[in-house]
Amino acid sequence: MKRVAVIGGGFGGLTAAAELASAGHRVTLFERSSTLGGKAQVVDAEVTLDTGPTLLSMPGVVRATFERIGALDLLPRFHRLPLQARYSWPGHTFDCFEDLDATLASARQFGDAEADALQRFYGEAARIYRAAGEPYLEAPFEGLPQFLARAMKRGPGAFMAGLQLGTLDDLAARHFRSPQLRQFVDRFATYAGASPFQASAAFALIPHLERAEGVHHVEGGMGALVRALHLALARLGVEVQFGQQASWTAHRKELVVGEALFDAVVVNADPFASEPLGTRELALSGYVALLQVNRRLPLAHHHVVFGSDYTREFSELFSGEIPSDPTLYFCHPAATDQTMAPAKRSGVFAMVNAPALRSEADAVAWPARSVVLLEKCVAALLQLNPGLRRDEVVVLGQRTPVDLAARGAPGGSIYGFLPHGRLGTFQRPRIRSSTPGVFFSGGSTHPGGGVPLVMLSGHFAAQLAQAHLEGA
């Protein structure tokens, strides 16, 4: 039995702590706040709303985690969404279904050729996943040589196709003539807080995975998943210390956290939080409005209302401005899960992409920015639901980059690392630190953001820590 410290109780830290405890080690988890979950917090009023991640893909990663720690009995129910998301523009609504034929039928409003192009796009996205996604996700990223060796096992054709990828927008433009379907593809870069005009076409693996493995809702919200992991930690004997702003230092062959000595440390925090940023650009942040509507809405579970000019929107965002005509994302969990709101009520999570903080002046500007963005969110919600009155919409809370920064995110960036450039994602901070026995997990490390990938980072961190402990 070795002594392991886990600093931070987000999904990556919870996963690493559970897996290392399951392997027989004595694990202490330090969490500086009074709740676990990291960015995955919950507002639990008359309605229940997640304040962080709202969508679950790759459910097999989550199930495998619970299976490894002997906690499948604690896993909340997953609801698979037949209508994965609705996308709208003035005069057009495109529905993306789990069923490909239904999705293609919706795409035919833009022309038969565009529906055929969408089918070809999904085929290319699947090839991108096999060529680049599978070797990237199957093991901790320890450098390009190891990754390229895994990629070569897919065959030289797939390997060469992976090397020739341009930007995500290049890929979308090659397939589609309609600006709407091009914008639909471009949006997947924002899953990493990136611009589709500068991020790799490798991000096409996200729509492939959503089509192949489904889009899911966790019954009770992501907060239910956090609670299940907390119960698993208790069952495994993990000591959780709340209100502990922990940090580590090296001492000979051991590591010091607080006043205790440990054999290994997993840091579930953005690596950029402990090093100077310099001129490094951060991934996008976000503004969130948490709304209660005093009627049950016919709104889809996930609904995206696109702005009119994506090029201008990302130019504004990466210039440090809030977008003048932003794309709005709405999550309405009661459309699927009746436990999230009582009858005749709806909870709505509304989100707008926002720039990361660059200075104190940016932080000072956010109260005024929040007023503007809240009104845009409410106005769009009213437009999507004819007959809904403003006085039926109650504001439960708001979250801004300032709030994310207060929880430890550098500049309030949701993902920290910005994966721009052809090889951008391979420059992501690695799980193994330069200090023996210290490992990182979270959305800024390999393999990236989103609940399944963050849990995968925790799994990889536990694997590397276990190897270190066995050799110690």
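The numbering of the sequence shown is the numbering used here, which starts it at 837 and goes up by one.
Just so you know, even glycine gets a beta-carbon here, dropped at the ideal spot from N, CA and C.
Taking 8 Å as the upper bound for CB-CB distance, Ser1270 and Phe1276 are not in contact here, some 11 Å apart.
For Tyr923, the enclosing beta strand (DSSP E) has its first and last residue at Leu919 to Trp925. The shortest CA-to-CA distance from Asp1145 to any of His1139, Leu1164, Pro1134 and Ala1136 is the one to Leu1164. In the three-state reduction of the DSSP assignment, Leu872 falls in the coil class. In the DSSP secondary-structure assignment, Glu1090 is bridged to His1087. Within the stretch 949 to 992, the complete alpha helix (DSSP H) segments of 4 residues or longer fall at 970 to 973 and 980 to 988, listed in chain order. Taking the C-beta atoms as reference points, Pro1043 is found nearer than 8 Å to Phe1024. Note on geometry: alpha-carbon atoms of Ala853 and Gly906 lie some 13 Å from one another. Distance from the CA of Arg1018 to the CA of Phe866, rounded to the nearest whole angstrom, comes to 44 Å. Taking 8 Å as the cut-off, the Cβ atoms of Phe1262 and Leu980 count as close. Put simply, the backbone Cα of Ser942 is about 10 Å away from that of His928. Boundaries of the beta strand (DSSP E) harbouring Glu1075: Glu1075 to Phe1078, taken from the DSSP string. Here the alpha carbons of Tyr1123 and Gly1143 stand approximately 16 Å from one another. Judged by DSSP in its simplified three-state form, Val1021 adopts helix. With a minimum length of 3 residues, the unbroken runs of beta strand (DSSP E) contained wholly in the stretch 1143 to 1222 fall at 1164 to 1167 and 1182 to 1190.
The C-beta of Ala1303 has fewer than 16 other C-beta atoms within 10 Å across all chains shown, which makes the residue exposed. In this structure, DSSP gives Gly1233 an extended state, which the three-state scheme calls strand. Nearest C-alpha to Leu917 among Ala987, Phe1154 and Gly1050: Gly1050. Here Gly1285 carries a coil assignment [DSSP, helix/strand/coil]. Ranked by Cα distance from Asn1189, the options Leu1069, Arg1088 and Glu1157 are led by Glu1157.
In the displayed model, Asp1099 falls within coil according to three-state DSSP, outside both helix and strand. Each of Pro1162, Arg1116, Ala1068 and Ala949 was checked against the Cα of Val1141, and the nearest Cα belongs to Pro1162. Excluding residues up to 5 positions away in sequence, Leu1091, Asp1099, Ala1100, Val1101 and His1304 lie with their Cβ nearer than 7 Å to the Cβ of Gly1273 in the same chain.
In terms of Cα proximity to Val1076, the closest of Arg862, Lys838, Phe1296 and His1295 is Arg862. Taking the Cβ atoms as the reference, Val1021 lies roughly 12 Å from Ala1035, outside the contact range of under 8 Å. The way I'd put it, the stretch 1234 to 1247 doesn't touch the stretch 947 to 956; fewer than three beta-carbon pairs between them come closer than 8 Å. Per DSSP, the unbroken beta strand (DSSP E) holding Leu865 starts and ends at Arg862 to Glu867. Going by beta carbons, Phe1166 and Leu1135 fall inside the 8 Å limit. Shown here, Arg1258 sits in coil according to DSSP, grouped into three states, outside any helix or strand. Residue pairing of Val840 in beta bridges, as defined by DSSP: Val863 and Ala1100. Put simply, the backbone Cα of Pro1246 is about 11 Å away from that of Ser1280.
Per the DSSP secondary-structure output, Ala1035 pairs in a beta bridge with His1256. In the three-state reduction of the DSSP assignment, Ser1270 falls in the coil class.
For the set Asn1221, Glu1046 and Asp880, the Cα lying nearest the Cα of Leu1126 is the one of Asp880.
Of Gly849, Gly1260, Arg1258 and Lys838, the smallest CA-CA separation from Leu1289 is found for Gly849. Around the beta-carbon of His1087, fewer than 16 other beta-carbon atoms lie within 10 Å, marking it exposed.
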